Structure formats: structure tokens, C-alpha cells
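In our numbering, the protein residues as written are 15 to 473.
Reading through the C-alpha cells given below for one structure.
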């Protein structure tokens with residue numbers, strides 16, 4: 015009986031061996047969690063982070079700083095500082111890759127963190143914050159044709175790349191702050207993208223992307239978030255847009271540096287009801303942007319510059335200024351804005367990374383002659399006084415004109431190997447919000463911030 019059981023067990027083990035071999039980890043010496051399963055390679059990446067946050071003003075915020083909402087003297091947060099700890103930027107990613115043919119490559123990528131916030135999320139006891147989608151897309155690449163297709167949610171085509179126009183090569187600031195730096199132009203949104211490369215040196219791309227409208231000024235326009243008469247499943251969260259955002263981009267990679275330029279086309283819906291009749295029309299807006307990366311000292315010291323100028327681009331900046339405002343009749347008017355980010359990175363060894371950035375986002379005045387209408391209306395009351403009593407803030411009706419930030423930081427990778435890496439990060443930033451001048455002065459809001467991070471990457 016014992017011999018029979020042993021033979022059965024041995025037979026089962028031998029039968030299972032091919033299945034196990036088909037899902038074994040890939041031992042390529044690069045570390046990380048990699049597997050191959052039925053012709054598809056899976057790369058499980060990500061990191062676990064324990065972060066610390068200190069701000070000289072209380073923004074009631076986690077790792078994503080609302081740069082456009084620094085407290086003014088009429089708010090209690092102006093008189094408070096804040097200290098927080100967070101693990102919510104911890105990240106998980108899955109990259110699946112397979113070849114339909116020797117020159118046809120397919121891939122799917124998913125990435126999430128915990129910076130979402132359900133209505134039940136809080137910091138009282140369990141800190142039960144929910145996962146959110148960062149990236150979720152599929153790609154197909156035809157080497158012989160030099161064609162690349164992407165469909166799903168990822169960085170907008172306006173985000174600068176380090177080389178070519180390919181996903182997972184975007185140049186994002188090295189900050190701990192999850193909102194990055196004012197002046198950094200980006201979104202992560204659903205899109206359909208087609209790219210053509212010419213010898214992997216010159217690239218052309220077209221992307222059709224999910225639209226959304228942000229606004230400033232008082233009044234009602236039923237195309238804006240919260241202005242939808244019929245409500246709906248996502249009432250108050252999305253705007254009414256009938257035309258997607260369109261981005262056309264060209265990129266060039268010579269033997270020295272990386273250069274790119276793009277055009278962003280947007281169409282805003284305006285919906286009004288007057289005298290019992292509805293009026294719907296569309297307002298087009300255009301903006302031009304670009305960027306470059308210049309290696310000053312081989313690959314150790316690099317300078318980067320990126321920016322965009324035009325109408326209706328507020329939602330594409332880390333500072334989140336407004337896309338549009340309203341005129342005296344309530345009709346949508348795109349706001350003219352400029353965004354600029356300059357940065358320098360220095361990597362003296364494989365263990366150390368140093369960085370510094372200066373970013374600015376500035377809107378132009380769009381006065382409409384009516385208090386609360388337009389952007390930077392001269393009729394607005396911009397006087398700021400101390401709160402007149404507990405919970406009674408002083409009156410203020412200003413609108414934000416400009417956001418500046420200077421920030422610097424470092425990363426120290428003190429453990430590196432086939433097991434992944436562990437690193438420490440430190441970041442300091444100074445941020446200033448400046449409001450349009452109105453009936454009295456042009457108020458400013460400022461804050462100093464310090465971030466720390468301990469991360470373990472298993473990738």
C-alpha cells in the first residue's frame with residue numbers, strides 16, 4: 015500500500031512539472047518579480063513607501079499638495095502648521111508582454127496606488143484608503159512599419175519624454191510630493207494614440223484624449239461640473255464636453271539631447287438657459303508647448319526645460335489653474351495661461367540622485383466688468399483681514415493669477431541588488447500663490463514644505 019501511494023505521488027509530481035516550468039520566475043539577473051507564463055512575460059513592479067510631510071500652513075492634504083489652495087490670512091489654516099505620515103503613495107504595477115510575431119510586440123500595463131479617497135476613508139483609526147488607477151493601457155508595436163499604438167489611461171501626450179514617444183519613458187519630476195511641481199504639464203487620462211518613428215530618431219504622434227473643463231468665477235453654465243440640470247451617475251464631477259482633446263506631437267533624438275514640440279487643441283461646450291430657451295455653442299482653444307533635455311556632463315548632469323502657452327490649459331498643469339471663466343452673460347471664455355518648468359538633475363554615482371526645479375504657472379487677466387465674472391475681475395474685493403470670530407472668515411473674492419515654486423531634493427539608494435533596492439528621499443519646497451489685484455492690493459499666500467520618504471522597490 016505504501017509503495018502504491020508513493021508511486022501515485024511521484025506520478026503526480028512528474029505530471030505537474032511542465033506546468034510549473036511554464037510559470038517559473040525569469041532569472042535574468044536584473045532582480046524584481048518576473049515570470050513567464052504560456053509565452054507571456056509578467057513583470058511585477060512597484061514600491062512600498064513610508065513618507066513624512068511637514069508644511070508651515072495647514073492644507074489638510076496628504077502627499078498631493080493643492081498648490082492652488084494655499085491658505086490666506088482669512089483662513090484658519092494660515093495660522094496652523096501640519097505634520098503627517100503616509101503610506102498611500104505605495105505602488106503596484108504589472109507589465110505583461112508577448113510577441114504576436116518576431117516584429118509585432120503586444121503589451122498591457124496596469125499601475126495603482128492608494129491616493130484615492132472613498133467617502134468612508136479617514137485618518138481616525140483604520141486609515142482605510144482605497145486603491146486608484148494610475149495607468150491602465152494596452153500597446154501594439156510593429157517594428158517593420160515603425161508604428162506604435164496605445165489605448166487606455168496613461169500620461170497625456172503633452173507630458174515630456176526622455177527619448178522618442180513611447181510609454182514608460184516620461185520625464186516626471188523626482189519629487190516625493192505626488193502633485194510634483196507647478197509648471198509641470200501633464201494629465202493621466204484615457205486616450206487613443208498612434209505614433210510613427212523614422213529610424214528611432216524622429217517621431218510623430220497623434221493622441222485623442224478624454225476632455226474635462228475646470229473653471230473660475232461665479233455664475234452658472236450648465237456645461238461645467240455641478241451645472242448639469244439632470245445630474246447623473248457622476249453629477250458634480252465631470253463637465254459636459256462633446257469633442258475630445260487633441261494633441262499632435264513631434265520629437266527628435268539627435269546624438270546629443272532630446273527635443274519635442276506639440277500642439278494642444280481643445281473645444282469647450284457652453285450651455286445656457288435664458289427665457290425658457292437653451293443655448294448651446296462651442297468655443298475652440300489652442301496652445302503650443304515643447305521641451306528639451308540637455309546632457310551637460312555625459313548622463314550625470316542634465317538640464318531640462320518644458321512649457322506650454324495658450325488658451326484653456328489650466329487642467330494640464332500641476333497648479334490646476336482654471337481652463338475657462340464666464341463672461342457677463344455666463345458664456346464660457348477660455349483663459350490664456352503659460353506654464354514653465356526648468357530643472358537640473360545630478361547623478362554622481364548609482365547610489366545618489368540630486369535634483370532641483372523651478373516652476374511657474376500664470377494666467378492672464380480676463381476682465382468682464384462684473385464682480386465674480388471673468389478671471390481677475392477688477393471689481394473683486396481682494397482685501398484680506400483677520401477672521402472676525404471663530405469660524406467667521408473675513409470676506410474675500412479674489413482669483414488666483416500665478417503659482418511659483420522652487421524645490422530641491424535627493425535620493426540615496428543605500429541597498430541595491432537582485433533583491434531590489436531601498437532608498438531614502440528628502441525634499442524641500444517653497445511655494446507662493448499670487449492673486450490678481452482688485453479693489454485693494456494683490457494678496458499672496460506662501461508655504462514651506464519638507465517631505466521625507468523611505469521606499470523599498472522590488473522591481
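For glycine and all other residues, C-beta sits at the position ideal for the given N, C-alpha and C.
This structure is a prediction, so every number in the text was calculated from the model and none was measured.
- In the displayed model, residue 303 falls within a strand according to three-state DSSP.
- The Cβ-Cβ distance between residue 351 and residue 373 does not fall below 8 Å.
- By a beta-carbon distance limit of 8 Å, residue 338 contacts residue 326. Their separation comes to about 6 Å.
- Residue pairing for residue 83: DSSP places it in no beta bridge.
- The beta carbon of residue 169 lies closer than 7 Å to those of 184, 200 and 202 in the same chain, with the five residues before and after it left out.
- One thing to note: residue 82 has its Cβ no nearer than 8 Å to the Cβ of residue 411.
- Taking C-beta separations shorter than 6 Å and ignoring five residues to either side along the sequence, the partners of residue 94 in its chain run 72, following chain order.
- For residue 158, DSSP assigns no beta-bridge partner whatsoever.
- In this structure, the CA atom of residue 60 is about 7 Å from the CA atom of residue 104.
- The C-beta distance from residue 100 to residue 77 rounds to 5 Å, short enough to meet the 8 Å contact threshold.
- In the three-state DSSP reduction, residue 91 falls in the helix class (H, G or I).
- Exposure of residue 289 is indicated by the presence of fewer than 16 other C-beta atoms within 10 angstroms of its C-beta.
- Remark: fewer than three beta-carbon pairs, one from each stretch, lie closer than 8 Å, so the region 160 to 179 and the region 412 to 422 are not flagged as touching.
- In the displayed model, residue 236 falls within coil according to three-state DSSP, outside both helix and strand.
- Contact between the region 48 to 63 and the region 310 to 319 is absent: fewer than three C-beta pairs spanning the two stretches fall below 8 Å.
- Excluding residues up to 5 positions away in sequence, 280, 325, 326 and 348 lie with their Cβ nearer than 6 Å to the Cβ of residue 299 in the same chain.
- Out of 116, 429 and 336, the CA that lies nearest to the CA of residue 364 is found in 429.
- Exposure of residue 53 is indicated by the presence of fewer than 16 other C-beta atoms within 10 angstroms of its C-beta.
- Distance from the CA atom of residue 301 to the CA atom of residue 275, rounded to whole angstroms, is 11 Å.
- Take residue 254, set aside five residues on each side of it, and the residues of its chain with a beta-carbon closer than 6 Å to its own are 237 and 283, in chain order.
- Per DSSP, residue 73 is not a residue of any beta strand (DSSP E), being assigned neither H nor E.
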